[in-house]
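Mapping to the numbering used here: the sequence shown position 202 is 201, numbers consecutive.
Below is one structure, written out as structure tokens; the observations come after it.
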Amino acid sequence: MKKILFAILILVTSVVSVSASDAARALRSSSRILENGTIGQHQAAVKKLTAALALPDITVQEKEEIGRRIPMHNDRIARLKSSSNARVPGNESSYVPPKNRTSKKAKEQVKIATPEPVVEPPRRNATLKIKDLIFTNELRGDIIGTPPFYASDMRYLYAQVLYDGPSEETEKRVYVKLYDPRGNLKRFNDSDDFTFTQRMTFYPYDGIDDYLAGTGNSQRSVFTPGTYRYEVWIDGECVAGKEIEILLKADQRTVGTAEIKSLTATPKNYSVGFDVTIAAQNMPETRLTTRISFTDTVTGKPLQMTGGGEAYVEREENILYDEAILSFSMNMPYSRFALPKGWSGSVTYVGEIIDSEGNILTATEPGTFNFTQN
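Dropping the structure here:
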């Protein structure tokens, strides 16, 4: 099952570009730093919040909250810098012992009363170090789940990156590689050697966090149960990697296995036909859905239906026996695609088998066909 498109795994419009959610995450990170952040963390928070103000999809409420947060961070910065030079009663600045009577005890009191300076560690020769990846299941900027993850509940898988920054503020091109439970790399196009890529700014402080773009689908889960591998690559080097376990709920476990043995597309004048063969073992009296989804091969964007929503065609089958092999045909009229008249190009399709609980049991390798919208 190599290079599964992951039921339109990376949706350019709603996965990689999530501006409004970026503002929400900047605010979420700000809340954590306001509780007990260092000078550097507050400074990085101000930069991220300021950048969020320029996002095109930021809401009025988010703008107002950011306008309130930035002064709060600046106030914390001023207080922390002030405390690094603070003097308290009894320290060497305010305590002057009698002349010629500086006792050992008095010197010890002076030492005890002097607070430790609160300063940022030196950044000379520092290198970027990613300390951890923290994963969340999110939808429209809201966290809807944390580990343990369950396949049927998944929407977008996000990674929060915790790092110690480089010597200077640096922008890097980050490549993310996500491997499915079979070890296959999820990717946009066959020519890509990554799942998705984005630019990130790394700030020269320790204990900073930021978010990578999400992977998934807003309408349903596209994650099969199993162990995934998430890797972060910068400048040709894997700088972080972590496994993610996605489980199947106990009350949703499907006994047996199902797979798509073959799926072929035959473009016609006004529609594309599909010949499908599925096999199921140890799944008697089970209802399975075979679904085929579509994306624009060039852009990676999911094609839309004329009535709204992502384009797909599906068929339900009742499995009656312990071992069953079913062959059938499916048809997708071109008129159901919300494409302008005269559009011509390549469409990528992926087939899936879904059980009655919405769990994806298997998926095919992506295939393509060409047509022109009349």
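Note that beta-carbon positions come from the ideal geometry of N, C-alpha and C, so glycine has one too.
ask   = By DSSP, does Gly-66 sit in helix, in strand, or in coil?
value = On the sequence shown, residue 66 is found 67 positions in, with the first residue counted as 1. Collapsing the DSSP output to three states places Gly-66 in a helix.
key: Secondary structure of Val-59, DSSP reduced to three states   = Within the sequence shown, numbered from 1, the residue matching residue 59 stands at position 60. Helix, per DSSP.
task = Could you give the DSSP three-state label for Met-71: helix, strand or coil?
result = Translated into the one-based positions of the sequence shown, residue 71 becomes position 72. Of the three classes helix, strand and coil, the one that applies to Met-71 here is helix, per DSSP.
query = Pick from Gly-164, Phe-193, Asn-216: whose alpha carbon is nearest that of Tyr-204?
reply = Counting from one through the sequence shown, the residue named residue 204 turns up at place 205. Comparing alpha-carbon positions, the option among Gly-164, Phe-193, Asn-216 lying closest to Tyr-204 turns out to be Gly-164.
message = For Asn-136 and Ala-150, I'd like the C-alpha separation in whole angstroms.
response = For the purposes of this step, residue 136 is taken as the residue at position 137 of the sequence shown. For the purposes of this step, residue 150 is taken as the residue at position 151 of the sequence shown. Going from the Cα of Asn-136 to the Cα of Ala-150 covers about 11 Å.
ask   = How would you label Asn-369, buried or exposed, when you count the other beta carbons within 10 angstroms and need 16 or more for buried?
value = Taking the first residue of the sequence shown as 1, we reach residue 369 at position 370. The residue in question, Asn-369, is exposed, as its Cβ has fewer than 16 Cβ neighbours within 10 Å.
query = Cβ atoms of Ser-220 and Met-153: under 9 Å apart, would you say?
reply = Counted from its first residue, the sequence shown places residue 153 at position 154. Counted from its first residue, the sequence shown places residue 220 at position 221. With contacts defined as CB atoms closer than 9 Å, Met-153 and Ser-220 qualify as a contacting pair.
query = Using the rule of at least 16 other Cβ atoms within 10 Å of the residue's Cβ for burial, across every protein chain shown, is Glu-167 buried or exposed?
reply = As a first step, residue 167 must be located in the sequence shown, where it is residue number 168. Around the C-beta of Glu-167, fewer than 16 other C-beta atoms lie within 10 Å, and the residue is accordingly described as exposed.
key: DSSP three-state assignment for Arg-31, whether helix, strand or coil   = Position 32 of the sequence shown, counted from the start, is the residue given in the question as residue 31. Helix, per DSSP.
query = How about Glu-230 and Val-175: do their beta carbons lie closer than 9 Å?
reply = Counting from one through the sequence shown, the residue named residue 230 turns up at place 231. Counting from one through the sequence shown, the residue named residue 175 turns up at place 176. Contact annotation: Glu-230 and Val-175 have beta-carbon atoms nearer than 9 Å.
query = beta strand (DSSP E) containing Ala-362: first to last residue?
reply = By 1-based counting over the sequence shown, the position of residue 362 is 363. Looking at the DSSP string, the run of the beta strand (DSSP E) that includes Ala-362 is 359–362.
key: Cα-Cα separation, Leu-360 to Asp-179   = Taking the first residue of the sequence shown as position 1, residue 360 is located at position 361. Taking the first residue of the sequence shown as position 1, residue 179 is located at position 180. Asp-179 has its alpha-carbon roughly 13 Å from the corresponding atom of Leu-360.
message = On the DSSP letters alone, give me the boundaries of the alpha helix (DSSP H) that Lys-46 sits inside.
response = What you label residue 46 is simply residue 47 of the sequence shown in a count that begins at 1. Counted as a single uninterrupted DSSP element, the alpha helix (DSSP H) harbouring Lys-46 occupies residues 38–51.
key: Assigned exposure category for Asn-317 - 16 Cβ within 10 Å defines buried   = What you label residue 317 is simply residue 318 of the sequence shown in a count that begins at 1. Around the beta-carbon of Asn-317, fewer than 16 other beta-carbon atoms lie within 10 Å, marking it exposed.
message = With a threshold of 8 Å, are at least 3 pairs of Cβ atoms found where one atom belongs to the stretch 231–238 and the other to the stretch 325–335?
response = No, the stretch 231–238 is not in contact with the stretch 325–335.
key: Rounded C-alpha distance that separates Leu-54 from Arg-67   = To locate residue 54, count along the sequence shown from 1; it is residue 55. To locate residue 67, count along the sequence shown from 1; it is residue 68. Rounded to whole angstroms, the gap between the alpha carbons of Leu-54 and Arg-67 is 17 Å.
Cβ neighbour criterion (16 or more within 10 Å) applied to Lys-185 = As a first step, residue 185 is located in the sequence shown; it is residue number 186 there, counting from the start. With 16 or more Cβ atoms within 10 Å of its Cβ, Lys-185 is classed as buried.
Whole-number beta carbon distance between Ala-310 and Ala-279, since they are thought to touch under 8 Å = Stepping through the sequence shown from its first residue, residue 279 is reached at position 280. Stepping through the sequence shown from its first residue, residue 310 is reached at position 311. The pair is not a contact, with the Cβ atoms about 26 Å apart (cut-off 8 Å).
query = Can the beta-carbon of Ala-22 be found closer than 9 Å to that of Ala-51?
reply = Sequence index remark: in the sequence shown, residue 22 carries index 23 (1-based). Sequence index remark: in the sequence shown, residue 51 carries index 52 (1-based). Taking 9 Å as the Cβ cut-off, Ala-22 and Ala-51 qualify as a contacting pair.
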